[in-house]
Amino acid sequence: MAIDEKKTSAAETLRKTRSFGKVRCHNPSCMGRIQPAPGADHAKCPTCGMEYRLFWVNPTLPRIRGPVWDVNREIAKKTFAGKGGAATLKAESKGGK
Ligand SMILES: [Zn+2]
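Mind the numbering: the sequence shown is residues 400 to 496 in the numbering used here, read in order.
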């Protein structure tokens, strides 16, 4: 009985500290922490600039619903441009004209 009580409170504490008001960036090369404004439906990662749509599990617990494609596509384009045109060319020839 006593053990069960301890387990529950430990889990509750952990859950609170871990996810209070923060989400983790879905960009695999970033994984930064994003702290959105309370109730915001969008959040921008301060580390890599990716933007995400949010929903709120409860007033203090945001979750990422999905990326904002327009913004992220721009970032991807810039990344490709920085790396040189090779990747873009490959993708085009794969498209099979
Ligand atoms: Zn990020």
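Cβ coordinates follow ideal geometry from the N, Cα and C atoms, glycine included.
Could you check whether residue j and residue i sit closer than 8 Å to each other, using their CB atoms as the reference points?
i	j	result
Y451	P466	yes
T459	G420	yes
Could you check which residue in the options has the C-alpha nearest to that of residue i?
i	options	result
W455	Q434, K477 and H425	Q434
R432	G438, P461 and A480	P461
W468	H441, A480 and N457	H441
A439	N457, C429 and H425	N457
N471	A480, M449, I463 and K477	M449
If you follow the alpha helix (DSSP H) that residue i is part of, which residue opens it and which one closes it?
i	result
G481	W468 to K482
From which residue to which residue does the beta strand (DSSP E) around residue i run?
i	result
N457	E450 to N457
H441	H441 to K443
Once you ignore the five residues that flank residue i on each side, which residues in its own chain have a CB closer than 6 Å to its CB?
i	result
P437	none
C429	T446 and C447
K443	E450
Using a Cβ-Cβ cut-off of 8 Å (strictly less than) and excluding sequence neighbours within five positions of residue i, which residues of its own chain qualify?
i	result
H425	M449, Y451, I463 and P466
L453	V422, P435, A439, D440, H441, A442, P461, R462, I463 and R464
Suppose the cutoff is 7 Å on Cβ atoms and the five residues either side in sequence are ignored; what does the same chain contact list for residue i look like?
i	result
K476	none
I474	G448 and M449
Taking 6 Å as the limit, tell me which residues put their C-beta closer than that to any heavy atom of ligand 1, in chain order.
-> C424, N426, C429, G431, C444, T446, C447 and M449
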